[in-house]
Amino acid sequence: MLTIKDLQASVEDKEILKGLNLDIKPGEIHAIMGPNGAGKSTLGNVLAGREDYEVSGGSAELQGTDLLELDPEERARLGVFLAFQYPVEIPGVSNLEFLKASVDSVRAAQGKEPLDSVSFLKLAREKCKAVDLDQSFLKRGVNEGFSGGEKKRNEIMQMMLLEPKLCILDETDSGLDIDALQVVAKGVNSLRDPNRSFIVVTHYQRLLDYIVPDYVHVLANGKIVKTGGKELALELEEKGYSWLEDGADNGAQ
Amino acid sequence: MTDNAEIDRQIDREYEAGFITDVESSTLPPGLNEDTVRFISKKKGEPEWLLEWRLKAFAAWKEMTPPNWAQVKHPEVDFQDISYFSEPKSMEDRPQSLDEVDPELIATYVKLGIPVHEHAALAGVAVDVVFDSVSLGTTFREKLSESGVIFMPISEAVHKHPELVKKYMGSVVPQRDNFYSALNSAVFSDGSFVYIPKGVRCPMELSTYFRINEENTGQFERTLIIADEGSHVSYLEGCTAPMRDENQLHAAVVELVAMDDAEIKYSTVQNWYPGDSEGKGGIYNFVTKRGIAHTNAKISWTQVETGSAITWKYPSCILKGDNSVGEFYSVALTNNFQEADTGTKMIHLGKNTKSTIISKGISAGKSQNAYRGLVRMGPGAKGARNYTQCDSLLIGDKCGAHTFPYIESKNPSAIVEHEATTSKVSDEQLFLCQQRGIDTEKAVSMIVNGFCKEVFKELPMEFAVEAGKLLEVSLEGSVG
Amino acid sequence: MTDFHKGLLAVNPADSDLLAALNKSGRDSFLQQEIPTRKTEAWKYTSLNALTSHEEGYGRLATNFNANELATLSNIPALDAHRLVFVNGQYSSQLSSSELSSSESSANVVRFSQANSEQQKIIADNIGSAIEQDKHLFAALNNAITNDGVLVHIGKNEQLKQNIQITHISTAQKKAFTVPARILIVLETGANATVVEHFTSTGDQQNCFINAITEAKVGANARLNHYRLQLVEENSIQIGGVYVDLDRDANYDSFQLGLGAKIVRNDINVNHNVGGSHCELKGVYLPQNKQLIDFHSNMEHKVANCTTNEVFRGIMADKSKAVFNGRIHIHPDAQKTLAELSNKNLLLSNEATINTKPELEIYADDVRCAHGATIAQLDEEARFYLQSRGISAAEADVMLSFGFINELLENLELEAVRDLIRPILAKRFGRDEELMQHIG
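Okay, structure coming up:
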């Protein structure tokens, strides 16, 4: 599904990713954990194509297509979905219009006709229900005045609507209480599919109780320094990250 | 409102700089005509080109009318009732250094706390002292000349560096820019001249201290600072005048030229006599200050304005070069019957130019305090940015606080943000302080100082302390 | 008399005893005012050239029109309204519903020329009283030349359910002409009304100068909801304004929309006269091509305990120019005032211009006043968010531009007004059909 080789990226001339390698097969869930400032969020932003992130080397291919050359919307239409850590509020642009515009363009890229307004509304309401969001959210501005949890659920709802190939969840668990966390996890799990892959970026092991990963990677100092199964997350929970960070330095020597 | 009674109960303290120096001066009788201009030029032994330059300005001035758009009210100034030149007799002998200057004059500055002796406490500051129409001399000449820095009275620079003066004087503020700049160009008497050579970081703070002493005398100084490529200078001016019942005119022009990659930091602590608590007397401060910033250059104006009966002053930046930066940090405090209309202009011409405006206005007594500013994004100001914050603090319900920002943009990629707020020293704030054992006067002064912090931190350290004290003194009598 | 004054006064008012005094004082005031130039602060950025340099001048013109063809234009679909329609300044009974006027009814909507003696008294007592004509050149002009108008009078505690719609249509004419339009709204104590002013024109070449002045006297505890929609074609000129007097605890809630034309200038002046009153003013301007639009608002807080909340947003496209001047004036006794003004602008082209000047003039200390003005671009974060969901950059820009304005439309009480203007605005941003399918 996704192949990342020796990816290097920087923000404002500060090097954040320093040669990251990752290979994700269809249907797999990969968790990426690591200390603050390790570059976890950078990975998602680079894959989604945020302008402030300068890629200085390496490659990232989605099913053989070089992502790094594409505009953000082209990546989205190919099936890359980033659930933002801090979804931006866009007052004045209604959530429903936004969702329709998004679904229409992704469908168009797949050669499908746009949904008519009635069917779309029906679909959107259905997805709202699935993530436990009141339908009134469809009428409000995009994320406008939403609580932290509502924003995250809105992200998952979009993911369900767009049915992407690669879902990147950027610290989707941060700021969520246990109930909201379960709603989010339920949404994600409902999308599990042999043809869909997930990258779950998180700081805490807690989320991985609900979204069980196939692999856990530790990202430190811009590289993946350790890879293991889901039990690695528990180990990290217990021991923290410092032993691995030191290891990263030793490894570099 | 309720705190006014408390606030108004405070003591009046005298304007500390209000004494008169008793020296014999030769002063031109009041009146202004072409002969006055010729007299001044002759007195300074100026070359012909400069006399011509002055006469041209005078001709322009005669055709102009005083600006009337500012939020200030004052009786019309009778320009024939002012003396345009006054110098202490002792200065007619042209002393060669400050050591030769009449001790009575030197004592004036010592009394004001100005470091005119090189061995004095503020040894890191070179000073030019201007008394009425003449500069008494500058300190640290030798030390400065080691690094090629020129710091001298402009009357001297006319003779010693005519090519620089000729090239730059009037290049930033044209003679006929406005009524007062035209007047200044015709009759300017003295002022400071600074040149910082390429790549030089001026080794010490430079400062000029202006003093009006004579009665019925106007002061028309002219300052020109040129920072050549990659150089850096920090300059400070201070001003005081005796307490006199009649209004006196101060119409200065300051021009700054920051060449590529140069930086000029210009700070002012203005404490001209503000008039008495009845609004009698005080200086009319009508000043034109402007700098031009070339590529990657930076000009930063910081001003603390507490004095003058009327202030009309808009230190400005023309951000001509790409990536140039302009800053304006201002505290303007008015009390009693003072009126201030002050602010800045940021003219963005180059790409990616940036400007920041922080203005803090404090009105007390029956005073009027206005911020007037212009931010202009020209068609070429691609990616330019401005941030403006204007805050007003009102102390008492007899004063006024006004904000008149003009914002003009012709470039879609330029970003301008302007915010203004107004507040008062609240009962709750005062009560909190009082409850913690702080008296009202101290509390007000603390609150005002906090209000001005963002600006004070831009001042050279020695002066930040002075500015804080000055505010405290200026506020006295406002509370209650 | 200068050519400037003569030209604009060319429209003689009709002989009307009712308006004679107003006409005379307006004329005197107009004549003694100076011709605005670039040095006149209130006209610093707006040139009147297009109006004053017109060769033939803008006189009065009697026109013929086919009301049937204008029916759609004069209608605001789904607006339940009592409707008065004027075409080129002439009343069209065919396009209007009948006037609301009877001695029993406590709600009257009637032309000055049709007013009964009671209504005439109301007009005489109130007209011109909310306007400082010596400071407002074009209000003085209107006082001088107006020969008819509409009186909206709502009696004590009357809650008028039906909206009032007053529409001015201008049609293509060969000759330039002036339309003085005047509305006087008087709400007695506790009354409540919604007035929708609507200016529109046929799509052809326009030659009309509309001098439209609306005056509102909002009584104690009364509430006026006022919409003013300027949807005229770009060759028109419209200069005028709204002058409001607020009594104790009165409410003025207004939405102003201006599309821009050869010249559009609106002065909105609100006087908080007694105490406890509130003004909620929202406005949107969207000039394009070479249009000009100028909003000057002035909030006079003359007394204590009043509030103002003012929000204006503008988007300038092409070679257009917008001017915004928002003044808040707190008089010495206006303690406990809360007044806020926000003005945000977007420039869409290299040749568009915005000049904005929010002003605070404060003479009382126990007040909370603030203003903010920005000129900015579309939010990069928001654009990336839309793009990351597959929406093209071009469509994202259209959606965000529309959203920038839509924020102010969302809360409009009258859905019919929203439905009328949303597609008009959408067209301004998404000139390409493709790009506007998700807005409006």
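Protein chains in written order, with this note's numbering: chain R, 1 to 253; chain P, 254 to 733; chain X, 734 to 1173. For glycine and all other residues, C-beta sits at the position ideal for the given N, C-alpha and C.
- Taking VAL557 of chain P as reference, the option from P:MET599, P:GLY626, P:GLY491 and P:ASN589 with the minimal CA-CA separation is P:GLY491.
- A distance below 6 Å between beta-carbons, with the five flanking residues on each side excluded, links SER846 of chain X to the following residues of its chain, in chain order: ASP881.
- Against ASN1139 of chain X, the close residues of chain R are PRO91, GLY92, VAL93, SER94 and GLY141, in the order they occur along the chain (beta-carbon pairs closer than 9 Å).
- Between ARG956 of chain X and ASN1002 of chain X, the beta carbon gap of about 19 Å keeps them out of contact (Cβ cut-off 8 Å).
- The C-beta separation of ALA38 of chain R from ASN221 of chain R comes to about 7 Å, placing the pair in contact by the 8 Å criterion.
- Counting only runs of 4+ residues, the alpha helix (DSSP H) found wholly inside the segment 4-68 of chain R occupies 40-48, in chain order.
- Measuring C-alpha to C-alpha distances from ASP937 of chain X to each of X:ALA953, X:TYR960 and X:ILE902 identifies X:ILE902 as the nearest.
- Beyond the five residues adjoining it in sequence on each side, ASP1152 of chain X comes within less than 8 Å, by CB distance, of PRO810 and ALA811 in the same chain, given in chain order.
- The C-beta of MET1132 of chain X comes closer than 8 Å to at least one C-beta of chain R.
- Taking GLY229 of chain R as reference, the option from R:GLY240, R:LEU219, R:GLU238 and R:TYR215 with the minimal CA-CA separation is R:TYR215.
- For the C-beta of LYS1090 of chain X, the chain P residues within less than 8 Å are, from N- to C-terminus, PHE657, PRO658, TYR659 and ILE660.
- With contacts defined by Cβ atoms closer than 8 Å, SER343 of chain P and ASP355 of chain P form a contacting pair.
- In the DSSP annotation of this structure, the continuous segment of the alpha helix (DSSP H) that includes LYS122 of chain R starts and ends at 117-130.
- Rounded to whole angstroms, ASP334 of chain P and LEU1093 of chain X show a C-alpha spacing of 36 Å.
- The shortest C-alpha to C-alpha distance from THR461 of chain P to any of P:TRP306, P:GLU305 and P:SER388 is the one to P:SER388.
- Assignment of beta-bridge partners to ASP381 of chain P by DSSP yields P:THR391 and P:THR461.
- Taking VAL201 of chain R as reference, the option from R:SER94, R:LYS223 and R:ALA83 with the minimal CA-CA separation is R:ALA83.
- In the DSSP annotation of this structure, the continuous segment of the alpha helix (DSSP H) that includes PRO72 of chain R starts and ends at 72-78.
- In this structure, the CA atom of ASN605 of chain P is about 12 Å from the CA atom of GLY631 of chain P.
- Counting along the chain, no alpha helix (DSSP H) covers VAL486 of chain P; the unbroken beta strand (DSSP E) around it starts and ends at 485-493.
- For CYS1102 of chain X, the residues of chain P that pass the 7 Å Cβ criterion are THR675, in the order they occur in the chain.
- Under the Cβ criterion of 8 Å, ASP1099 of chain X is counted among the residues facing chain P.
- Rounded to whole angstroms, the gap between the alpha carbons of THR1070 of chain X and GLY888 of chain X is 29 Å.
- Counting C-beta pairs closer than 8 Å gives fewer than three between the segment 63-83 of chain R and the segment 137-146 of chain R, which falls short of the contact rule.
- With distances taken between CA atoms, THR879 of chain X lies nearest to X:LEU741 out of X:VAL1100, X:LEU741 and X:LEU1147.
- The bridge partners DSSP lists for ARG1101 of chain X are X:LEU1071.
- Taking the Cα positions, SER839 of chain X is about 16 Å away from VAL883 of chain X.
- Under the 10 Å beta carbon count, ASN1144 of chain X is surrounded by fewer than 16 other beta carbons and is classified as exposed.
- With a beta-carbon spacing of about 11 Å, PRO213 of chain R and ILE24 of chain R fall beyond the 8 Å limit used to define contacts.
- For ILE878 of chain X, there is no enclosing beta strand (DSSP E); the residue is part of the alpha helix (DSSP H) that begins and ends at 870-878.
- By the neighbour-count criterion, in which 16 or more other beta carbons inside 10 Å mark a residue as buried, LEU685 of chain P falls on the exposed side.
- Contact with chain R is found for GLU1128 of chain X, since one of that chain's Cβ atoms lies less than 8 Å from the residue's Cβ.
- Proximity of chain P to SER1082 of chain X at the Cβ level (cut-off 8 Å) is accounted for by PRO665, in chain order.
- Per DSSP, reduced to three states, the secondary structure at ILE359 of chain P is helical.
- In the DSSP assignment, VAL1131 of chain X falls within the alpha helix (DSSP H) that extends over 1126-1142.
- By the Cβ neighbour-count rule, THR391 of chain P is buried, with 16 or more other Cβ atoms within 10 Å of its own.
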